[in-house]
Amino acid sequence: MSDVPHHQPNKQAHGADRAALASRAAFASIAMAVLLIGLKSWAAYSTSSMAMLGSLADSTLDLVASLVVLLGVRVAAQPADREHRFGHGKAEALAALMQVIIISISALFIGWRSIERLVAGVETAAAELGIAVSLIAILFTFALIAYQRHVVRRTGSVAIATDRLHYASDLMLNASVIVALVLDQYAGIVGADAVFGLLIALWLAWGAWKSSSRALDQLMDREWPTEQRERFLAAARKYPELEGLHDLRTRTSGTHHFVQFHVWVPPHWTVREAHDRMDAIEQQLEKQFPATEILIHLDPEGHTDREGLLPSHITEQPR
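Written as structure tokens, this is what we have:
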């Protein structure tokens, strides 16, 4: 379940405080990634472990991911301007695609080297060092995750929440390095380390695929997930004025969400009355769905718009 609260106005930070907290969390991720890269580089060189090399590659990617998060937090916080009237949220998705390319190249390299070492039967060395470094990595990762959880609760940052989930998965990765070294050097199972290195490469590739899917969803303006759409519709049903809601369209750009829909209004309403009623509803819905911009288009009751990008059998379905 996500740690990002939907509506906790008394606990969440806003404005400059929110940006400062999110930035500090991103800097903490960067600092830890740099430390682990140094330790794992030493361990990978000393142990000749492919599992450790895979863990080193993952920590390097963690650094890239943390830099992307920092960039995303900074850019996404910028207000809309004359050239970017919908904001700058999609810069985060573009940066994520760059990260996917790096992850994919690293996974291919780790996989190729693992197969090469498995065929050659190369053994590892200095298991104690590799295990010690992995235990240190687990300890620091636990501490970072705890801090990120605190920041997510205060800020509701989707970027930091995603980074936290990424580091949480690193706990399993570091544990697998320990298991690989134990099997290879203490249990005498030759090739265990190479097999774990190959599994890590596949895990990195799977992570790249999932990351690319999320980034492409934002760049292609994919509709909200069904659960999120239904939650919004459930909130909208509380307002009798929205009984004729239709042509609901949703999308996400970085940490910002956009909703637009048409609604039928009684023909006896004046333009002023209709505007004031819908404006009040927009404000109330935006309080329930933070970082969401809502746009309501008014239609005379029973009116069917001409087809635009979507055919009428899709757009004119009532809720």
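Residues 223 to 541 in the numbering used here are what the sequence shown lists, from first letter to last. Ideal placement from N, C-alpha and C gives every residue a C-beta, glycine not left out.
For residue j and residue i, believed in contact at Cβ under 8 Å, the rounded distance
i    : j    : result
L395 : I367 : Going by Cβ atoms, the distance from L395 to I367 rounds to 14 Å, so no, they are not a contact pair.
I332 : G260 : Contact flag wrong, Cβ pair sits at about 19 Å.
F308 : A302 : 6 Å
T269 : L426 : In fact, because the Cβ distance is near 19 Å, the residues do not count as touching under 8 Å.
S281 : A255 : 6 Å
A359 : L258 : 5 Å
V399 : A313 : Going by Cβ atoms, the distance from V399 to A313 rounds to 34 Å, so no, they are not a contact pair.
L520 : A496 : 5 Å
H478 : A437 : Not quite, the Cβ-Cβ distance comes to about 15 Å (not below 8 Å), so this is no contact.
L214 : I324 : Past the edges of the chain, shown from 223 to 541, lies residue 214, and the structure says nothing about it.
G419 : S336 : 4 Å
Residue i, buried or exposed, once every other Cβ within 10 Å from all chains shown has been counted against 16
i    : result
Q407 : buried
L330 : exposed
I353 : buried
E523 : exposed
A242 : exposed
R386 : buried
V341 : exposed
S433 : buried
D501 : exposed
K262 : buried
S435 : exposed
I327 : exposed
A456 : exposed
D392 : buried
G294 : buried
G410 : exposed
L292 : buried
S417 : Sequence inspection shows Val at residue 417; the Ser mentioned does not correspond to that position. Label assigned to V417: buried.
V493 : exposed
Q505 : exposed
L319 : exposed
A365 : exposed
Separation of residue j from residue i, as counted between CA atoms
i    : j    : result
H525 : T474 : 29 Å
V412 : A265 : 19 Å
E508 : E338 : 56 Å
I503 : E305 : 29 Å
R246 : E445 : 32 Å
D443 : V481 : 12 Å
H484 : H372 : 39 Å
F362 : A279 : 17 Å
V401 : L285 : 24 Å
V374 : Q450 : 19 Å
A414 : L351 : 18 Å
S356 : L405 : 15 Å
I516 : G429 : 33 Å
T377 : A244 : 7 Å
A397 : L467 : 51 Å
Y389 : W334 : 25 Å
P462 : P447 : 25 Å
D498 : Q370 : 41 Å
P231 : F511 : The pLDDT assigned to P231 is 41, lower than 50, so where the model puts this residue is not dependable; a value taken from the coordinates is nonetheless given after this. P231 and F511: Cα-Cα distance of roughly 11 Å.
R296 : V290 : 10 Å
L464 : P489 : 15 Å
D439 : W431 : 12 Å
I252 : I382 : 12 Å
A348 : A248 : 33 Å
A458 : Q300 : 29 Å
V487 : I518 : 11 Å
W491 : K460 : 20 Å
F454 : A315 : 24 Å
For residue i: DSSP bridge partner residues
i    : result
D521 : W486
L467 : V485
F362 : Partner(s): none; F362 has no beta bridge.
I516 : V481
S268 : DSSP, once it has assigned bridges, lists no residue as partnering S268.
S475 : H478
The ligand ADP heavy atom lying under 7 Å from the CB of residue i
i    : result
E452 : Among the components modelled here there is no ligand, and therefore nothing to report on the ligand ADP.
Within-8 Å CB hit, residue i to chain C
i    : result
M500 : The chain inventory of the structure shown lacks chain C, comprising one protein chain alone.
Residue ranges of each alpha helix (DSSP H) within the segment 301-344, 4 or longer: 312-342
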